[in-house]
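Student: Questions regarding the structure given below will be posed in turn.
In the UniProt record's numbering, the protein residues as written are 1 to 189.
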């Protein structure tokens, strides 16, 4: 999915961190930043990070009108309760339980608990045990395309941009915005 009419000329080397730019001019597999631990090594104390969240169109509308909901289902909360993000749109595939909308967000990571496959990750499943000490759990998967992270509070999501898949958003068709036109005859003048 590329929403713009041309790709970013900088491709995967792009350093532009504007959320709109990322969603419009980059492909699904674009990762705007390295793993969080690598960002920390280069810039200790940097706690802003970009993440991608996938949901259905109805939940996207709810997010737009109120806020993100904390996932609490023990079957789907491998890193514990919170709001889940991946490092690219493509990486939300197979993790999110629904589809129809993407969110690109700037997140205040705060105090981060790094976990890897060797750690006792199952102890986190469905719990809030880490909330007293950490703001975020970041899972360093052996394949960095499978990394994900979970924030304990929607308040950590500072800014976001949302895209709803065309087949889930009927407003474009209902308002006739899906065709080009030369004149804007609205009959209101």
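Heads up, the beta-carbon is just placed ideally off N, CA and C, and yes, glycines get one too.
For residue 11, name the three-state secondary structure that DSSP assigns.
Tutor: Here residue 11 is taken as the residue at index 11 of the chain shown, counted from 1. Looking at residue 11 - three-state DSSP - the assignment turns out to be helix.
Student: Cα separation between residue 6 and residue 25?
Tutor: Here residue 6 refers to the residue found at position 6 of the chain shown. Here residue 25 refers to the residue found at position 25 of the chain shown. C-alpha separation (whole angstroms): 7 Å.
Student: Name the two residues that bound the continuous beta strand (DSSP E) containing residue 85.
Tutor: By 1-based counting over the chain shown, the position of residue 85 is 85. 83-86 is the span of the beta strand (DSSP E), which, as asked, contains residue 85.
Student: Roughly how many angstroms lie between the CA atoms of residue 95 and residue 50, to the nearest whole one?
Tutor: In the chain shown, counting from the first residue as 1, residue 95 sits at position 95. In the chain shown, counting from the first residue as 1, residue 50 sits at position 50. Spanning the two alpha carbons is a distance of roughly 17 Å.
Student: Run through the stretch 61-106 for me and flag every whole beta strand (DSSP E) of 3 or more residues, listed as ranges in chain order.
Tutor: 83-86
Student: Restricting to Cα atoms, I'd like to know which of 152, 78, 165 and 167 is closest to residue 140.
Tutor: As a position in the chain shown, residue 140 is number 140, starting the count at 1. Minimum Cα distance to residue 140 is reached at 78.
Student: Skipping 5 residues on each side, what residues in its chain have a beta carbon closer than 8 Å to that of residue 37?
Tutor: If you number the chain shown from 1, residue 37 lands on position 37. Answer for residue 37: 114, 138 and 140, listed in chain order.
Student: With DSSP as the reference, identify every bridge partner of residue 113, one or two as the case may be.
Tutor: In the chain shown, residue 113 corresponds to position 113, counting from 1. DSSP, once it has assigned bridges, lists 137 as partnering residue 113.
Student: Taking the alpha-carbon positions, what's the residue 93 to residue 84 distance?
Tutor: In the chain shown, the residue the question calls residue 93 occupies position 93. In the chain shown, the residue the question calls residue 84 occupies position 84. So the two alpha carbons sit approximately 13 Å from each other.
Student: Hey, quick one: how far does the alpha helix (DSSP H) through residue 25 stretch, first residue to last?
Tutor: Walking along the chain shown from the start, residue 25 turns up at place 25. Segment 19-25, the alpha helix (DSSP H) holding residue 25.
Student: Return the Cβ separation of residue 103 and residue 63 in integer angstroms, given the expectation that the two are a contact with Cβ distance under 8 Å.
Tutor: Taking the chain shown and counting its residues from 1, one reaches residue 103 at position 103. Taking the chain shown and counting its residues from 1, one reaches residue 63 at position 63. Their Cβ separation, rounded to whole angstroms, is 7 Å, which keeps residue 103 and residue 63 in contact under 8 Å.
Student: When burial is assigned at 16 or more other CB atoms within 10 Å of the CB, is residue 12 buried or exposed?
Tutor: The residue given as residue 12 occupies position 12 in the chain shown. Looking at its Cβ environment, which holds fewer than 16 other Cβ atoms inside 10 Å, residue 12 is exposed.
Student: Apart from the five residues just before and just after residue 110, which ones in its own chain have a Cβ nearer than 7 Å to its Cβ?
Tutor: The residue labelled residue 110 in the question sits at position 110 within the chain shown. 47, 135, 136 and 156, listed in sequence order.
Student: To which residues of the same chain is residue 43 closer than 8 Å at the C-beta, ignoring the five residues directly before and after it?
Tutor: Residue 43 sits at position 43 when you count from the first residue of the chain shown. Nothing meets the Cβ criterion.
Student: In whole angstroms, what is the alpha-carbon distance linking residue 97 and residue 55?
Tutor: Here the question's residue 97 lines up with position 97 in the chain shown. Here the question's residue 55 lines up with position 55 in the chain shown. Those two C-alpha atoms are separated by around 7 Å.
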